[in-house]
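So the structure is just underneath, and the comments pick up after that.
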Amino acid sequence: MSVEGWYRSQILAPVDTAITEAAAGKLRQHLIETQLWVMARLAAQSAEDLDLRQWNICQGVDSRAA
Numbered sequence: 149m150s151v152e153g154w155y156r157s158q159i160l161a162p163v164d165t166a167i168t169e170a171a172a173g174k175l176r177q178h179l180i181e182t183q184l185w186v187m188a189r190l191a192a193q194s195a196e197d198l199d200l201r202q203w204n205i206c207q208g209v210d211s212r213a214a
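Last residue of the sequence shown? That's 214 in the working numbering, and every number before it is there in order.
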């Protein structure tokens, strides 16, 4: 995933698909165009430093059905 707003969206963070599936309540094949909200460390300068947690789906953004 890319992290918008972080270093001009240049940080790409590897994320376990099971985490995004659980947060979105969707299977992998239905995650396209799904946007998630996640807490991260503000001082992070790399994907390893992000410490991503508290995943939630962005309400009202995702127009695809589950």
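Note that the Cβ used here is the ideal one computed from N, Cα and C, for glycine as well.
As the crow flies, the alpha-carbon of Q177 is around 19 Å from that of A161.
If the five residues before and after I167 are omitted, its C-beta is found closer than 7 Å to the C-beta atoms of W203, all from its own chain and listed in chain order.
Per DSSP, reduced to three states, the secondary structure at I167 is helical. In the structure shown, R201 falls within a strand segment according to DSSP collapsed to helix, strand and coil.
A straight-line Cα-Cα distance of about 19 Å links K174 and L200.
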